[in-house]
Amino acid sequence: MKLSTPAKILASLLLGALPALASAACVPVMGTVKLVPDASCAINALGSQVPAYQNQCFSVALSLLGFPSASGYAGVTAEPLAGLAGTTATPAAVINPVTQLPRQSIQTARSAVSIGSGAYRTTLYTNDVIVAQVTYNADGSTAVGAVTEQILITGTDGKGAYSKVTGNLTVLGNSIGTSANVTGKLCLP
């Protein structure tokens with residue numbers, strides 16, 4: 098079968114539009130998240146493939162506009178990190194070449210957060226990367242400056258209203274012990 102030039106152009110346009118149409122079910126989200134230290138380290142029993150590093154564990158309260166409230170657990174992890182100089186593990190640091198002191202810390206985490214209730218409840222599993230600015234006080238002690246956290250939904254428990262959700266969130270600020278703003282997108286098939 099031979100296609101005419103206009104048909105080829107139309108076919109090309111339709112094929113080019115497929116990625117945009119495939120993500121048409123993604124919606125922007127915004128809200129807040131708050132982490133509270135969790136001495137029981139519940140994340141270790143809730144599906145995280147990587148145990149919490151040095152028992153740095155948290156309970157999670159997530160609120161996204163237009164979605165049911167979500168709660169769960171998170172834990173800082175020690176995971177491989179590759180760079181030009183080789184492989185290390187998180188937590189890691191980006192070094193200031195002038196002072197040879199850390200200017201940013203890099204941590205990884207895993208979370209299991211449930212959204213919805215009853216038969217509509219879905220547990221979301223995430224991989225997280227936290228980057229924090231390291232600042233120095235006059236006495237030389239360190240303090241945390243700006244913080245951002247990138248969260249990638251890596252899977253679900255396969256149950257409930259959001260069983261096939263994918264997407265990502267960005268936490269804008271330090272959410273430990275205080276609410277921080279969250280933005281991102283959730284994609285539903």
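Numbering (the numbering used here), first residue to last: 98 to 286. All C-beta atoms in this analysis are idealised placements derived from N, C-alpha and C, irrespective of residue type, glycine included. From a predicted model like this one, the values you see are computed outputs, not experimental measurements.
Outcome for residue i when other beta-carbon atoms lying within 10 angstroms are tallied against a minimum of 16
| i | result |
| --- | --- |
| Asn224 | buried |
| Gln197 | exposed |
| Ser166 | exposed |
| Thr263 | buried |
| Tyr217 | exposed |
| Thr239 | exposed |
Close Cβ partners of residue i (< 8 Å) along its chain, the five nearest in sequence each way excluded
| i | result |
| --- | --- |
| Thr267 | Thr245, Glu246, Gln247, Ile248, Val279, Thr280, Gly281 |
| Tyr233 | Leu198, Thr239, Ala240 |
| Leu143 | Gly169, Tyr170, Ala209, Thr220 |
Where residue i sits in the DSSP three-state scheme
| i | result |
| --- | --- |
| Tyr259 | coil |
| Ala240 | strand |
| Asn265 | strand |
| Ala121 | Residue placement at Ala121 cannot be trusted, given a pLDDT of 46 that sits under 50; what the coordinates show is reported in the next sentence. Ala121: coil per DSSP, three-state reduction. |
| Gln153 | coil |
| Gly213 | coil |
Element boundaries [beta strand (DSSP E), containing residue i]
| i | result |
| --- | --- |
| Ile273 | Segment: none, Ile273 is in no beta strand (DSSP E) and carries neither H nor E. |
| Asn224 | 219-233 |
| Ala277 | 277-284 |
| Leu162 | Element bounds for Leu162: n/a, residue is neither H nor E. |
Beta-carbon contacts of residue i that lie in its chain and below 7 Å, excluding the five residues immediately before and after
| i | result |
| --- | --- |
| Gly213 | Pro165, Thr219, Gly257, Ala258, Tyr259 |
| Gln204 | Val173, Thr187, Pro188, Ile227 |
Length at least 3, wholly inside the region 164-210: the beta strand (DSSP E) runs in chain order: Within the region 164-210, the complete beta strand (DSSP E) runs of at least 3 residues fall at 167-174, 177-180, 183-186, 189-192.
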